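This report refers to the structure that appears directly beneath it.
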Amino acid sequence: MQLSLIAREDVFPLSRALSVGIDRPELRRLVRTGAVHRLHHGWFATRAPVDDEDLHRLRLAALLQQYAGRAVASDASALLRLGLPTYELDWAVAHLLRTAPTGARRDKAHRKADLVVRPALAHPEAARLPSGEGAAHPAVAAVLAGLAGPCALLVPADAALRAGRVTRADISLALEVVGRRPGIERVRAALPRCDARHESPGETVAAWVLHHLGHRTVPQFVVPGTEALTPGGRGYRADLGIVGTRVLVEFDGRAKYAAAQDVWDEKRREDSIRSLGWEVVRLTWADLHRPERVRALVEAALRRAALRAPDSAPVR
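According to this note's numbering, the sequence shown holds residues 1 to 316 in order.
Take a look at the structure:
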């Protein structure tokens, strides 16, 4: 028996294995040999997970089959299933959202160490944000994920806005549909910072950190004077321009420099920008987790910019 024949999304329950003649001793043997991976009680995967994220994805597939339409993926688990980025997700905990009330006098979240099942959304407007693909609507998923912290909302919300999968109205409605929960006021305060122009999670988080340091930013700022240096006269774009200054901020992720040529091209680009009187601050994930370091880097750049006499105006 090929296990792939009884698996759905690479997972299957014990009951399905028994129904085709694979008994418990045979399953234990398959687990020992690595042909089958045990997920949680009564559920198995036809392959070993490649990392914690993949294990979360397999467990989620098993849970959705186990709940058989009575729940969909929620919070960051839904974002993972929908292919949207997440921020500092705890892969050990899966999140589900019931699709209908249970009938109990008071529906409340069911929590285990590795699973949270939220009650169905009771708001009368919830139907305007339907679930699909085994997951809550992306706007609802982003808002629920954001209960853990503002960046957990902003990272997926920016990506979903950029991809046209949600609108600002969707996110505002999701905020009302989710209702009063611990952390919802932080989500409400972060909502105006959503911006589809942020092209990566790093840019989103950098903008949030700079906002808290008292700086207004313009995403994808076209650097004046660089039009003649680029094909079609588009000009060089900086990830963020700090309003009222001649300081630009670039987020450096590993994927940005996949080859040596990328490093060389970026150096030439930055040299051209600096020659026009602009200061460039480069930030990494490590920097973003240390706001005081970001403050020091930006303030040093502001001091350098004040000593120069550039031809170009500040960011507006």
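Heads up, the beta-carbon is just placed ideally off N, CA and C, and yes, glycines get one too.
Since the structure is predicted, the reported quantities are computational estimates derived from the model, not experimental observations.
A buried status is given to Ser-77, since no fewer than 16 other beta-carbon atoms sit within 10 Å of its beta-carbon. The DSSP-derived three-state label of Trp-43 is strand. His-215 counts as buried, since at least 16 other C-beta atoms from the protein chains shown sit within 10 angstroms of its C-beta. Annotation for Val-222: no alpha helix (DSSP H) segment contains it, though the beta strand (DSSP E) segment containing it runs 217–222. Nearest to Pro-124 by alpha-carbon distance, out of Val-243, Arg-165 and Gly-179, is Gly-179. Put simply, the region 138–153 touches the region 166–185. At least three CB pairs are less than 8 Å apart. Residue pairing from DSSP places Ile-242 in a beta bridge opposite Thr-217.
Going by beta carbons, Val-143 and Leu-175 fall inside the 8 Å limit. Membership of His-95 in the beta strand (DSSP E) is indicated by the continuous run 94–98.
For Pro-291, the uninterrupted alpha helix (DSSP H) segment begins and ends at 291–306. The beta carbons of Glu-133 and Leu-82 sit closer together than 8 Å. With a contact defined as Cβ atoms closer than 8 Å, Val-205 and Leu-288 qualify at about 5 Å.
Contact fails between the region 108–125 and the region 151–160, because fewer than three Cβ pairs, one in each stretch, are under 8 Å apart.
The region 35–51 makes contact with the region 7–22; the number of CB pairs closer than 8 Å reaches 3 or more.
In the DSSP secondary-structure assignment, Arg-8 is bridged to Val-11. Pairwise C-beta distances place the region 275–284 out of contact with the region 189–201, as fewer than three of them are shorter than 8 Å. According to the DSSP assignment, Ala-157 belongs to the alpha helix (DSSP H) that extends over 150–162.
Taking a 10 Å sphere around the C-beta of Leu-60, we find 16 or more other C-beta atoms and assign the residue as buried. The residue from Val-31, Leu-5 and Glu-9 with its alpha-carbon nearest to that of Ser-19 is Leu-5. Among the bridge pairs identified by DSSP, Arg-111 is matched with Val-116. Only buried fits Pro-138, as 16 or more other CB atoms lie within 10 angstroms of its CB.
Straight-line spacing of the CA atoms in Asp-52 and Val-223 works out to 40 Å. Annotated as proximal: Ala-152 and Tyr-87, with beta-carbon spacing under 8 Å. Contact between Val-315 and Gly-225 is ruled out by a C-beta separation of about 13 Å, above the 8 Å threshold.
In the DSSP assignment, Leu-283 forms a beta bridge with Phe-251.
With distances taken between CA atoms, Val-209 lies nearest to Glu-292 out of Glu-292, Glu-26, Leu-27 and Arg-57. The alpha-carbon separation between Ser-74 and Val-298 amounts to approximately 37 Å. Counting C-beta atoms within 10 angstroms of its own C-beta, Gly-21 has fewer than 16 neighbours from the protein chains shown and is therefore classed as exposed. Looking at the DSSP output, Gly-132 sits in a beta bridge with Ala-135. The continuous stretches of alpha helix (DSSP H) do not include Val-72, which lies in the beta strand (DSSP E) extending over residues 71–73.
DSSP, reduced to helix, strand and coil, places Arg-274 within a helical segment of the structure shown.
Taking 8 Å as the cut-off, the Cβ atoms of Ala-126 and Pro-101 do not count as close.
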